[in-house]
Each structure stands twice: as structure tokens, then as C-alpha cells.
Amino acid sequence: MIQSLLMLVLCCNFGNTFRTEIAFQSSMEAEILVLVNIYRESKDLLPLQDCNVCAKEAATHSKKMAKGLLSFGHDGFEERFQRIAEKSKVTSAAENVAEGYINAEEVVKGWIESKGHRENIEGDYTHLGTGIAKGSDGTHYFKQILIKI
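So in numbering that gives the first Met the number 0, the last one in the sequence shown is 148, and the numbering has no gaps at all.
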């Protein structure tokens, strides 16, 4: 009986941990959009709208990096752009990538401090989608896709 209760507690805790990580990532993705828009406002730029198609592509790429299926970076950008373009009228796109940050504020700060990433954030884009995945070693992988429609 005690063994069964222990298994039930362990299973429930594992499920809660998984759900907690998903909620944490979703919350951080939303916070990244807010922080990027606060930064853009400080530069007199229009805010970016949330882009579900971009977020799904970004999440897929982040998960593959987190699992070691793809190297950290921008490999496959053209394919991601094409898949997004099939679902929306995209005229241009860019992406930012990061790893190892633990919260939204840090990753956005890191992107802003990097010339190329900052240029993407300040670019002539209308929409943003972010995907985050956590590797087995606890490292978070971030992918941000910006598009203009």
C-alpha cells in the first residue's frame, strides 16, 4: 500500500513538474514579447504583435536544439521562413537565438547588447514569436522569429 502511494505521489509530482515547466516557458515567452515591445517603444518603434505560426516554428527549433538534434544556431532558417510564408503573407523575416539564460529579462538584455540581435529587434517587423525549450542538463534554448506582414 505504501509503495503504491509513493508511486502515485512520484507520478503526480513528475506530471506537475512537466506542467510547471510548460507554464514557465509560456509565461517567459509572453514576457519576452512585452520586454521587446517596451524596448521598441523606447526607440519610437511600433510594437510587435504575437505570431503563433512563428512561435510554433521557434518552439520546434528550440526543442531540437535542446535535444541535441540540431546544433545551436540558425541552421534551417530558410526552411522555417518558407513554412511561415506558406501560412501568412510574410515579406521579410529574421531570427534571434540564445542559450543559457534563466529568465526573459536576461535573454532580452543579452539580445539588445548584441549588435546583430538588437538590429533584428529594432528592424522593420510587425510580428514576433518566441519558442523556449529546456535541455536535459537544465539549459534553456531560445528562438525568436520576427516577421513583417
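Even for Gly, the Cβ is constructed at its ideal location relative to N, Cα and C.
Proximity below 8 angstroms, CB of residue i to CB of residue j
i: G128; j: A65; result: no
i: E98; j: H139; result: yes
i: K42; j: E121; result: yes
i: A92; j: I146; result: yes
i: Y124; j: L47; result: yes
i: V52; j: H73; result: no
Rounded distance between the beta-carbons of residue j and residue i, thought under 8 angstroms
i: S61; j: F141; result: 6 angstroms
i: I31; j: V106; result: 7 angstroms
i: A29; j: A132; result: Contact doesn't hold; Cβ gap of about 16 angstroms is too wide.
beta-carbon residue i near the ligand NAP non-hydrogen atom, thresh 7 angstroms
i: G122; result: This structure simply doesn't include the ligand NAP, nor any ligand for that matter.
Nearest-angstrom Cα separation, counted from residue j out to residue i
i: K86; j: F80; result: 10 angstroms
i: G130; j: E40; result: 23 angstroms
i: R117; j: I144; result: 13 angstroms
i: E104; j: K88; result: 31 angstroms
i: L34; j: E112; result: 14 angstroms
i: A84; j: G75; result: 14 angstroms
i: Y100; j: K63; result: 17 angstroms
i: D136; j: L44; result: 37 angstroms
i: N102; j: E77; result: 28 angstroms
i: R82; j: G109; result: 28 angstroms
i: G134; j: D49; result: 25 angstroms
i: N119; j: T90; result: 15 angstroms
i: K114; j: E56; result: 24 angstroms
Strand pairing of residue i, partner residues [DSSP]
i: H139; result: K133
i: E98; result: Y140
i: K147; result: S91
i: G128; result: I144
CB contact below 8 angstroms: residue i versus chain B
i: Q143; result: The structure shown contains no chain B, having only a single protein chain.
Quick check on the DSSP output: what are the complete beta strand (DSSP E) runs of length 3 or more inside the segment 30 to 79, in order along the chain?
none
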